[in-house]
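What follows is a short report on a single structure.
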């Protein structure tokens, strides 16, 4: 049996905390699924540092929990009787920090080197429950529903031969990916200060101010019924997450291909690469589903709004959910685009332009209009986006490059890889991971990694398609 211990962490200075604190969730928080999110950070670590790392992580977490205070709470109804939800922290609240050792000669868990050789895929890790805190693995489950008072967070550090797997768990109502990134970098700065016996870094209390993502609750007689909770689309086929790598040199080539010769509009690397992925995947997926190529397709994406608010600007490490889910089919004036156009009829420049129009629609004004529309809906939890409710050939992309985990210095090291371990897949989703910078497999040509959820039946054909393999390196099945 592995050696394990569970530490119930109080936030630093808890003895002088108020008896009760209520952190109301924002209007935007209701728009994400009621799920736990797990993020694994993998560190290379020599054996002689491991005992010290436990103490540093423990102290760093205690300090961070004092700052990111909602993470100590339980999700429940706010006591004001208005029906809104909050994270309720009491003076005695604790957060679980699990520590286990799987680095003994008798342990059969993979070593850091073995994980690295398999690109740190979830399949290389094996059973995710070994690395995660139950029941906080990803997925819609009763334990994450507000009626069951789910905890906001938990943490687990697992020492393996040659390294550390550190998994953070959050209820999605507590943080989106960039909110997690703010917490991650604050934790790293705190740990680094403890490790190096330096003064603690500053923390901006404004990072807990969710007022810019919140509309006041309306009186009950002004509330209206909203849409019902979407169900999984019946036409989806078995899918899996697959990790691909796009070298920097190939990304530059794609951007050149997607940029109009007359320079009439600007195209980013993101626009070009996601447009190309959309084109090639749609070709294979349409063949599998025997799709009507005249059907209009859904391109959608999650856009972090922290850097897009200007009046006034927001703190970079703002907690909570502060993102817009945008759909090309819902943007005024943006023409529909069909499967035939995506596959071949339109040039790549047009697809990149289309994606840029969707991204450019993510403005402060757009989000404020969205909040106004959400405010009168009686059951806001039904607004949560489910990517598997969209029809086949739909795409939802979430860009995690800005999370910048590889620059997070914990003192004892920086993460070598970031992954999102899970047992289930999110049909139609693409996650754009930032380029790995520590011992990257492609050396100086290391670019972004893409975790693409695609139908299992098309993977073999995709890997045999020169249109795909000209640009993307296969790094293995991640989940599924």
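Residue numbers (my numbering): 851 to 1330. For glycine and all other residues, C-beta sits at the position ideal for the given N, C-alpha and C. Quick caveat, the model's predicted, so the values are computed rather than measured.
Nearest to residue 1304 by alpha carbon, out of 910, 1251, 1243, 1282?
Its Cα nearest to that of residue 1304, the residue 1243 stands out among 910, 1251, 1243, 1282.
What residues in its chain sit with their C-beta under 6 Å from that of residue 1011, if we drop five residues either side in the sequence?
If we look at residue 1011 and ignore the five residues flanking it on each side, its Cβ neighbours are 953, 961.
What's the gap between the Cα of residue 1019 and the Cα of residue 993?
Residue 1019 and residue 993: Cα-Cα distance of roughly 13 Å.
Cα separation between residue 1319 and residue 1313?
The C-alpha of residue 1313 is placed about 7 Å away from the C-alpha of residue 1319.
Count the other C-beta atoms from every protein chain shown that fall within 10 angstroms of the C-beta of residue 1021, then say buried if there are 16 or more, exposed otherwise.
Looking at its Cβ environment, which holds 16 or more other Cβ atoms inside 10 Å, residue 1021 is buried.
Does the distance from the C-beta atom of residue 1260 to that of residue 1047 stay below 8 Å?
Their beta carbons are not under 8 Å apart, which means residue 1260 does not touch residue 1047 by this criterion.
Mind listing, in chain order, the continuous alpha helix (DSSP H) runs of no fewer than 4 residues lying wholly within the stretch 896-944?
Here the runs fully enclosed are 900-917.
Enumerate in chain order the residues of its own chain whose CB-to-CB distance from residue 807 is below 7 Å, with the five nearest sequence positions on each side excluded.
Lying before the first or after the last residue shown, residue 807 is absent from the chain, which here runs from 851 to 1330.
By how many angstroms is the C-alpha of residue 901 removed from the C-alpha of residue 1235?
One alpha carbon belongs to residue 1235, the other to residue 901, and they sit about 42 Å apart.
Give a yes or no on contact between the stretch 1290-1305 and the stretch 904-924, applying the rule of three or more CB pairs nearer than 8 Å.
The stretch 1290-1305 vs the stretch 904-924: no contact.
Contacts around residue 1160, its chain only, beta-carbon distance under 8 Å, and the 5 residues preceding and following it disregarded
Taking residue 1160 as the centre and dropping the five residues before and after it, the same chain places the C-beta of 1214 closer than 8 Å to its C-beta, in chain order.
Would you mind giving the Cβ-Cβ distance between residue 1237 and residue 1278, rounded to the nearest angstrom? I have them listed as a contact below 8 Å.
Indeed, because the Cβ distance is near 5 Å, the residues count as touching under 8 Å.
Cutting at 7 Å between CB atoms, please list the residues of its own chain near residue 921, excluding the five before and the five after it.
The answer, listed in chain order, is 915, 945, 1002, 1003, 1024.
Counterpart residues of residue 1010 in DSSP-defined beta bridges:
For residue 1010, which the question treats as bridged, DSSP gives the partners 952, 1013.
Which residue from 1029, 872, 875, 891 puts its Cα closest to that of residue 1252?
If we check each option's Cα against that of residue 1252, 1029 comes out closest.
Have a look at residue 950 and residue 856 and give me their C-alpha separation to the nearest angstrom.
Cα-Cα distance, rounded: 9 Å.
Comparing alpha-carbon positions, which option in 1250, 987, 1239 lies nearest residue 1083?
It is 1239.
Pull the bridge partners of residue 1351 from the DSSP assignment, please.
Residue coverage of the chain in this structure runs from 851 to 1330, which leaves residue 1351 outside it and unanswerable.
CA nearest to the CA of residue 1274, picked from 882, 977, 904, 959:
When only C-alpha atoms are compared, the closest one is 977.
Need the endpoints of the beta strand (DSSP E) that residue 869 sits in, please.
Counting along the chain, residue 869 falls outside any beta strand (DSSP E), and DSSP gives it neither H nor E.
Which listed residue (980, 1026, 931, 1148) has its alpha carbon closest to that of residue 887:
In terms of CA proximity to residue 887, 1026 leads the group 980, 1026, 931, 1148.
Tell me the residue span of the beta strand (DSSP E) that contains residue 1089.
Start and end: 1089-1095.
Take residue 1015 and list the residues in its own chain whose beta-carbon comes closer than 7 Å to its own, dropping the five residues that flank it on each side.
Counting only Cβ-Cβ distances below 7 Å, and skipping sequence neighbours, we find 890, 892, 981, 1008.
According to DSSP, is residue 983 part of a helix, a strand, or is it coil?
Residue 983 falls in the coil class under three-state DSSP.
Kindly indicate which three-state DSSP category residue 1066 falls into: helix, strand or coil?
DSSP places residue 1066 in the coil class of the three-state scheme, outside both helix and strand.
Am I right that residue 1254 and residue 1281 are in contact with their C-beta atoms under 8 Å? What's the rounded C-beta distance?
That pair is no contact at about 15 Å.
Could you tell me if the beta carbon of residue 979 falls within a distance shorter than 7 Å of some heavy atom in the ligand MG?
Looking for the ligand MG in the displayed structure turns up nothing, as the structure carries no ligands at all.
Starting from residue 1131, trace the alpha helix (DSSP H) in both directions and tell me its first and last residue.
It spans 1119-1139 - the alpha helix (DSSP H) in which residue 1131 sits, taken as one unbroken run.
Can you check which of these residues, 1268, 1247, 1248, is closest to residue 1257 by C-alpha distance?
When each option's Cα is compared against that of residue 1257, the closest is 1268.
Identify every run of the beta strand (DSSP E) within the stretch 1257-1281, keeping only runs that are complete inside it and at least 3 residues long; order them along the chain.
Here the runs fully enclosed are 1267-1269.
CA-to-CA distance, residue 1092 to residue 1328, given in whole angstroms:
Rounded to whole angstroms, the gap between the alpha carbons of residue 1328 and residue 1092 is 5 Å.
If you compare alpha carbons, which of 1330, 904, 1136 is closest to residue 1188?
Ranked by Cα distance from residue 1188, the first of 1330, 904, 1136 is 1136.
List the DSSP bridge partners of residue 853.
Paired residues: 951.
Delimiting residues of the alpha helix (DSSP H) encompassing residue 1040:
Taken as a continuous stretch (DSSP letters only), the alpha helix (DSSP H) holding residue 1040 covers 1027-1045.
Take residue 998 as the anchor and find which of 1145, 926, 964, 974 has the nearest alpha-carbon.
The shortest Cα separation from residue 998 among 1145, 926, 964, 974 belongs to 926.
With burial defined as no fewer than 16 other Cβ atoms inside 10 Å of the residue's Cβ, what is the status of residue 1154: buried or exposed?
Classification of residue 1154: buried, given that the 10 Å Cβ count is 16 or more.
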